[in-house]
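Data first, discussion second: the structure below is written as structure tokens.
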Amino acid sequence: MVPPAAAVIPGARDVSFTTRDGLRLAAWYVPGRHDVTVLVMGGNAGNRLHRAPLARALAEHGLPVLLMDYRGYGGNPGSPTEEGLHLDALAARAFVGSPRVVYFGESLGGAVATRLALEHPPAGLVLRSPFTDLADAGQVNYPFLPVRALLRDRFPVVSDIGRVRAPVVVVYGSRDTIVPPHLSRAVAEAAGTTAVEITGAGHNDLAMLNGRELIDAVVELAGRGSR
Numbered sequence: 018m019v020p021p022a023a024a025v026i027p028g029a030r031d032v033s034f035t036t037r038d039g040l041r042l043a044a045w046y047v048p049g050r051h052d053v054t055v056l057v058m059g060g061n062a063g064n065r066l067h068r069a070p071l072a073r074a075l076a077e078h079g080l081p082v083l084l085m086d087y088r089g090y091g092g093n094p095g096s097p098t099e100e101g102l103h104l105d106a107l108a109a110r111a112f113v114g115s116p117r118v119v120y121f122g123e124s125l126g127g128a129v130a131t132r133l134a135l136e137h138p139p140a141g142l143v144l145r146s147p148f149t150d151l152a153d154a155g156q157v158n159y160p161f162l163p164v165r166a167l168l169r170d171r172f173p174v175v176s177d178i179g180r181v182r183a184p185v186v187v188v189y190g191s192r193d194t195i196v197p198p199h200l201s202r203a204v205a206e207a208a209g210t211t212a213v214e215i216t217g218a219g220h221n222d223l224a225m226l227n228g229r230e231l232i233d234a235v236v237e238l239a240g241r242g243s244r
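Sequence positions in the sequence shown follow the numbering used here and run 18 to 244.
Shown next as structure tokens:
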């Protein structure tokens, strides 16, 4: 169960929006004084409750934050697919409304955020622990299976990122065993940007949730996208 937003983050609100295919998705909105909103697209595990520390840290810098959950996550209806997650992100972006939005994509969310950025260019794009594509990430964990042949969803981040017309920051942990560092570095290279390596951090360590280096990267990018 996901508790009420205000019970976890003071001042936060429970909100919802409807996708083009008719799913009503719950989310949390944290208001702030900054004119740039951060739209957070999570990874394959957890829900908005688990990303509350990130929202709190960003809110301390005055940044409004929308913590969305995809279909099938956080009590939302539906089942996740590549196309479905894109529809979810489109609905979240429409809900934010503001022309100044930084997309924050965590792991799988990096693929969702990258595709969204192609259709609706953001003020900035933060990719936290991104993979090159889903098959490359899957091959790491299942090296003896023909992962690429088995997967229906592709999430081709590395082939899409070069077409994004926005500043891009890639942040990854040097000890990530779920999305190995070389995959995230390849995304940064394709984006033509320098990656921020967080020394000693694994995929789900606190440093990758609300650590100073991660938060500083988001805040700096939001500052560039401000009036």
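C-beta: ideal position from N, C-alpha, C; glycine also.
- Its Cα nearest to that of Gly92, the residue Asp31 stands out among Pro197, Asp31, Met225, His220.
- The continuous alpha helix (DSSP H) containing Gly126 extends over residues 125-136.
- If you check the CB distance, Leu142 and Ala183 come in under 7 Å.
- Nearest to Val47 by C-alpha distance, out of Met85, Asn61, Asp38, Arg37, is Met85.
- For Ala154 and Val196, the gap between their C-alpha atoms comes out near 6 Å.
- Partner residues in the beta bridge of Tyr46, as assigned by DSSP, are Arg30, Leu83.
- In this chain, the alpha helix (DSSP H) harbouring Arg241 covers 229-241.
- Taking C-beta separations shorter than 7 Å and ignoring five residues to either side along the sequence, the partners of Gly126 in its chain run Met58, Gly59, Gly60, following chain order.
- Inter-residue distance for Ser96 and Leu107 is about 16 Å (C-alpha atoms, whole angstroms).
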